[in-house]
Structure formats: C-alpha cells, structure tokens
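Enquirer: First the structure, then my questions, so here it is.
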Amino acid sequence: MALDPEASKQNLSNPEAKEVEVIEPGPISQWLNTQGIENAPIGSDHIGIENIAVNPNFLLKAASALKSNGFNYLQCQGGYDEGAGLSLVCFYHLIEIRDFKDDFHPREIRMKVFLDRNEEMRVPSLYQIFKGSDWQERETYDMFGINFAGHPHPKRLLMPEDWKGWPLRKDYVQPDFYEMQDAY
Numbered sequence: 003m004a005l006d007p008e009a010s011k012q013n014l015s016n017p018e019a020k021e022v023e024v025i026e027p028g029p030i031s032q033w034l035n036t037q038g039i040e041n042a043p044i045g046s047d048h049i050g051i052e053n054i055a056v057n058p059n060f061l062l063k064a065a066s067a068l069k070s071n072g073f074n075y076l077q078c079q080g081g082y083d084e085g086a087g088l089s090l091v092c093f094y095h096l097i098e099i100r101d102f103k104d105d106f107h108p109r110e111i112r113m114k115v116f117l118d119r120n121e122e123m124r125v126p127s128l129y130q131i132f133k134g135s136d137w138q139e140r141e142t143y144d145m146f147g148i149n150f151a152g153h154p155h156p157k158r159l160l161m162p163e164d165w166k167g168w169p170l171r172k173d174y175v176q177p178d179f180y181e182m183q184d185a186y
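Everything in the sequence shown is counted per this note's numbering, starting at 3 for the first residue and increasing by one.
See below:
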C-alpha cells in the first residue's frame, strides 16, 4: 500500500480522472510523522475521529508511540472486507483514558492496515502492548483469516477448529453441510 498522501491528488493530465479530495494530515498523523512513523491520513469519520493508514511494518512502532503519548486504551480491534478484488482491512480504535473532568474530551484515533488478499495477510499482534487485543485479534483471524504474528493463542475463537474458510469475507462460499461433533 502506498502511504504517500500526494498519491491521492487529482491527476490533472488525465481528463478521465475523477476529482479526488486531498486529505490533510490531522494532529496525530503529523505527530507520528515527526516520530519517524510512516502513515497516511485517510480522513475523519462522521464524528470527527482521525483515521490513518499504517503499513504493517510500522504497526507496532505506531501503537507503542501512541500508547506512550496517552492513547492507553484499545477500545476496539476488528476487520472488514472492502469487496471483491479489494483489500481486507484490520483496524484499531485507540482512546486516551484519564481522570474525566467536566471539560475533558478524550482523544481518539483509528489506525487501519490495508492488506492485499492475494498476499500473505499477516500483521503483528498488539497483545504485548494492549492485552485486551487477545480475543479481538482471534475473532478477526476467525472471521477474515488475518494472521497476527506473535499472538499467544493463535486459534479460532468462534468457529469450530476444523472449519474451512473465513465466514465474513465477501468471497466466502458457505458449505452445504457441516457435521457438528456431538459434545456428549
């Protein structure tokens, strides 16, 4: 994945090119860049949470830097499939948790790792940084087949151990029949 924000600018020499909005880096993206952590802004969501794309090679470094800068709570980790021929995405929603006062509004950031479905889908586990990622990463593996390198319990969480495929991928074909083993 190209992490160059300039790559999102409109190609003026191509009349067929659609107009693309240039996304300016937010304050957290800018701070990460000053720390030497490559990332690309991908805009804010509907409630203003900054979203950035991070290369899998920089994920641990980015998560460690964010945690040391106050983002001490992994609210959510998950994945989604962008569709046929497109990326699988692994995302992390980090929040700053501290003493809440009347005027305190926690900072939030969402990191996304875009994975090519034709390549090895492996990202480093954040378990050593955020222990709460344990079951969340297992669920993402179970539903999408994204592997988490260094995870202490890399096995299915929801589906039977011998299940074939990844049920939440858009290219998943449901089996006609699956025989469950009797638990008695």
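Note that CB positions come from ideal geometry on N, CA and C, so glycine has one too.
Check whether the Cβ atoms of Cys92 and Val125 sit closer than 7 Å, and answer yes or no.
Expert: In the sequence shown, residue 92 corresponds to position 90, counting from 1. In the sequence shown, residue 125 corresponds to position 123, counting from 1. The answer is yes: Cβ separation under 7 Å.
Enquirer: Going by the CB atoms, is the gap between Leu90 and Asp83 shorter than 7 Å?
Expert: Residue numbering aside, residue 83 sits at position 81 when the sequence shown is read from its first letter. Residue numbering aside, residue 90 sits at position 88 when the sequence shown is read from its first letter. A contact, by the Cβ cut-off of 7 Å.
Enquirer: Cutting at 8 Å between CB atoms, please list the residues of its own chain near Pro58, excluding the five before and the five after it.
Expert: In the sequence shown, counting from the first residue as 1, residue 58 sits at position 56. Closer than 8 Å at Cβ, skipping near neighbours: Val115, Leu117, Arg124, Val125 and Pro126.
Enquirer: Could you check how far apart the C-beta atoms of Ala42 and Ile54 are, in whole angstroms? I think they sit under 8 Å.
Expert: Taking the sequence shown and counting its residues from 1, the one referred to as residue 42 is at position 40. Taking the sequence shown and counting its residues from 1, the one referred to as residue 54 is at position 52. Yes, they are in contact, since the Cβ atoms of Ala42 and Ile54 sit about 7 Å apart, within 8 Å.
Enquirer: By Cβ distance, which residues of its chain are closer than 7 Å to Ile99, with the 5 residues on each side in sequence left out?
Expert: Within the sequence shown, the letter at position 97 stands for residue 99. Cβ neighbours of Ile99 beyond the five flanking positions: Asn74, Tyr75 and Pro108.
Enquirer: Where does Glu110 sit, in a helix, a strand or coil, going by DSSP?
Expert: Counting from 1 along the sequence shown, the entry for residue 110 is found at position 108. Reduced to three states, the DSSP call for Glu110 is strand.
Enquirer: Does DSSP classify Gln138 as helix, strand or coil?
Expert: As a working note, residue 138 is residue 136 in the sequence shown. In this structure, Gln138 counts as helix in the three-state DSSP scheme.
Enquirer: Considering only their Cβ atoms, is the gap separating Ile39 from Phe60 smaller than 7 Å?
Expert: In the sequence shown, the residue the question calls residue 60 occupies position 58. In the sequence shown, the residue the question calls residue 39 occupies position 37. Yes, Cβ-Cβ distance for Phe60 and Ile39 is below 7 Å.
Enquirer: For Val175, I'd like the list of residues in its chain whose CB is within less than 8 Å of its CB, leaving aside the five on either flank, ordered along the chain.
Expert: Taking the first residue of the sequence shown as position 1, residue 175 is located at position 173. The residues are Gly167.
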